[in-house]
Amino acid sequence: MMSSFPGMRPGSSSAYDVPQMPPIAEVEDTTPAPAVPSIAESDDTAPPVPLKSPARRSMLNGPGMNAYNHPYRGEAPPAYSSFSIPSSSSSDIPPDQPPPKDRRPTWLVRRGGWCKVGLLALVTVMCLVGIIVGVVLGVRNSKNNSNNNSNTSQGPLPVRFPAGSYAFTAALSNTSTACTSNPATFRCYPYTTYNSTSSFADASTTFFWTIVETAQDVYTISSTANPFAPQFTNVSLALLDGGLSSERLSFTTPLGDAAVVPTGPIVEGSNEVTTCYYNDTVLSTMIWTRRGAQFGGYATTTGGNRGGDGSKNFDAWPYAVQVARTAAPGSGVPDCRNADGERVGDFAVVDGGGECGCWYANFGLES
Numbered sequence: 001m002m003s004s005f006p007g008m009r010p011g012s013s014s015a016y017d018v019p020q021m022p023p024i025a026e027v028e029d030t031t032p033a034p035a036v037p038s039i040a041e042s043d044d045t046a047p048p049v050p051l052k053s054p055a056r057r058s059m060l061n062g063p064g065m066n067a068y069n070h071p072y073r074g075e076a077p078p079a080y081s082s083f084s085i086p087s088s089s090s091s092d093i094p095p096d097q098p099p100p101k102d103r104r105p106t107w108l109v110r111r112g113g114w115c116k117v118g119l120l121a122l123v124t125v126m127c128l129v130g131i132i133v134g135v136v137l138g139v140r141n142s143k144n145n146s147n148n149n150s151n152t153s154q155g156p157l158p159v160r161f162p163a164g165s166y167a168f169t170a171a172l173s174n175t176s177t178a179c180t181s182n183p184a185t186f187r188c189y190p191y192t193t194y195n196s197t198s199s200f201a202d203a204s205t206t207f208f209w210t211i212v213e214t215a216q217d218v219y220t221i222s223s224t225a226n227p228f229a230p231q232f233t234n235v236s237l238a239l240l241d242g243g244l245s246s247e248r249l250s251f252t253t254p255l256g257d258a259a260v261v262p263t264g265p266i267v268e269g270s271n272e273v274t275t276c277y278y279n280d281t282v283l284s285t286m287i288w289t290r291r292g293a294q295f296g297g298y299a300t301t302t303g304g305n306r307g308g309d310g311s312k313n314f315d316a317w318p319y320a321v322q323v324a325r326t327a328a329p330g331s332g333v334p335d336c337r338n339a340d341g342e343r344v345g346d347f348a349v350v351d352g353g354g355e356c357g358c359w360y361a362n363f364g365l366e367s
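Under full-length UniProt numbering, the final residue of the sequence shown carries the number 367; numbering is consecutive throughout.
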């Protein structure tokens with residue numbers, strides 16, 4: 001049977017003759033497959049042992065051709081570590097010799113060993129620094145204590161005149177009751193004015209004051225706790241005419257309500273005990289440091305004792321002193337009250353009045 005391929009015209013001379021394939025006959029194979037030999041199993045007969053392979057050799061005859069002779073056979077594996085043991089050639093380590101042991105401490109070999117070393121080093125450094133600082137501070141404090149002890153053993157520094165505690169003695173030289181309409185409401189201690197008929201002892205009073213030098217040529221003055229004397233504390237002193245023969249210290253301080261106890265009744269027909277208060281009283285003082293005192297036939301010179309030693313003995317002040325305690329007039333001055341606190345009388349001098357005052361001095365007195 002002739003056939004043509006696509007693209008060729010039938011009957012073309014160039015057509016190829018294709019031989020036909022022989023037919024395939026399907027024949028069922030009836031030859032039976034060889035039977036698998038059965039293995040007889042018996043409880044009395046052991047199964048046959050298979051033949052040994054020629055390539056398998058017994059361990060009794062030594063390792064086989066391809067077997068590896070482990071150098072650490074029969075030993076436990078090495079401990080886990082964070083580093084690798086350098087490898088050695090088989091020529092350096094015999095097969096049966098154990099590996100070199102790690103001689104580092106176990107705590108260092110374990111994980112975190114280097115962190116512990118660093119922490120220990122840090123603690124050690126801090127301890128050393130603390131010890132050094134403590135020693136330095138201890139030596140410094142010891143030196144300071146030694147200096148303080150040496151200064152203390154030398155005693156207090158000397159007090160420069162006019163600093164110190166002094167007894168200023170002066171006589172009542174003059175008084176005034178111009179601020180009150182009743183002279184009995186104002187009196188001056190010791191209630192005796194110095195004159196030709198009186199003695200200095202009867203007319204004198206003493207003020208106990210302490211002068212403190214707070215800086216070079218800077219002074220303050222304070223009175224002692226005496227209810228019968230003017231009270232003041234740390235009042236600044238002004239230095240006048242420093243270095244001259246007229247050198248003096250001056251201060252003025254308010255005293256508030258100065259109290260005066262009249263000698264007797266101040267209201268006609270009343271025997272009440274009263275106290276009169278002068279609410280605008282001022283203390284003014286002048287203290288000379290070179291001018292000598294002169295009273296009652298006693299005189300000091302400029303070359304006399306230059307004052308005390310700063311103790312609480314209240315040395316007598318050897319120079320001139322003048323003290324004035326004055327009260328200005330005004331409404332409600334004086335304010336006199338009885339023991340029950342009730343006001344008694346009105347003795348104010350509003351117009352034309354003058355000061356009430358007490359003046360003390362230890363110089364310029366009539367002999």
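Ideal Cβ positions, reconstructed from N, Cα and C, are used throughout, including at glycine.
{"Asked": "Straight-line gap, L365 to A339 (C-alpha atoms, nearest Å)", "Found": "39 Å"}
{"Asked": "Boundaries of the beta strand (DSSP E) in which F207 is found, first to last residue", "Found": "S204 to A215"}
{"Asked": "Local conformation of T252 per DSSP, three classes", "Found": "strand"}
{"Asked": "Paired residues, beta bridge with C315 - DSSP", "Found": "With the sequence shown as reference, residue 315 is identified as Asp, and Cys is not the correct amino acid for it. Bridge partners of D315: Y166."}
{"Asked": "CB contact flag (N182, F347, <7 Å)", "Found": "yes"}
{"Asked": "Which residues DSSP lists as bridging L240, in chain order", "Found": "R248"}
{"Asked": "Beta-carbon proximity of V212 to A163, cut-off 7 Å", "Found": "yes"}
{"Asked": "Under 7 Å between C-beta atoms of S220 and T169", "Found": "Note that residue 220 is Thr in the sequence shown here, rather than Ser. For T220 and T169, no; Cβs fall outside 7 Å."}
{"Asked": "Of the residues A225, S198, F186 and N174, the one placed nearest A258, counting alpha carbons only", "Found": "F186"}
{"Asked": "Buried or exposed by the 16-neighbour rule on C-beta atoms within 10 Å, applied to G357", "Found": "buried"}
{"Asked": "DSSP state of A178 mapped onto helix, strand, coil", "Found": "coil"}
{"Asked": "T192, DSSP secondary structure in three states", "Found": "coil"}
{"Asked": "Given 8 Å, three or more beta-carbon pairs between the segment 235-254 and the segment 273-290", "Found": "yes"}
{"Asked": "Coarse secondary structure for F295, derived from DSSP in three states", "Found": "strand"}
{"Asked": "According to DSSP, residues forming a beta bridge with G357", "Found": "S176 and T326"}
{"Asked": "Assigned exposure category for G303 - 16 Cβ within 10 Å defines buried", "Found": "Note that G303 has pLDDT 41, beneath the 50 cutoff, so the model's placement of it is unreliable and the number below is only indicative. Answer is exposed; the Cβ neighbour count stays below 16."}
{"Asked": "Three CB pairs or more closer than 8 Å across the segment 274-288 and the segment 323-340", "Found": "yes"}
{"Asked": "Rounded separation between Y189 and T275 - CA only", "Found": "15 Å"}
{"Asked": "Euclidean distance between Cα positions of G138 and G118", "Found": "30 Å"}
{"Asked": "Helix, strand or coil at A258 [DSSP, three-state]", "Found": "strand"}
{"Asked": "Between the CA atoms of Y278 and V349 - distance to the nearest angstrom", "Found": "13 Å"}
{"Asked": "Per-residue DSSP class, three states only, for T285", "Found": "strand"}
{"Asked": "Beta-carbon spacing of Q231, S223 below 7 Å", "Found": "yes"}
{"Asked": "Chain-order list of residues whose beta-carbon lies under 7 Å from that of T152 (same chain, five-residue window excluded)", "Found": "Any reading at T152 needs caution, since the residue's pLDDT is 49, under 50, leaving its predicted position unreliable; the model's value is listed next. For T152, where only same-chain residues beyond five positions count, there are no Cβ hits under 7 Å."}
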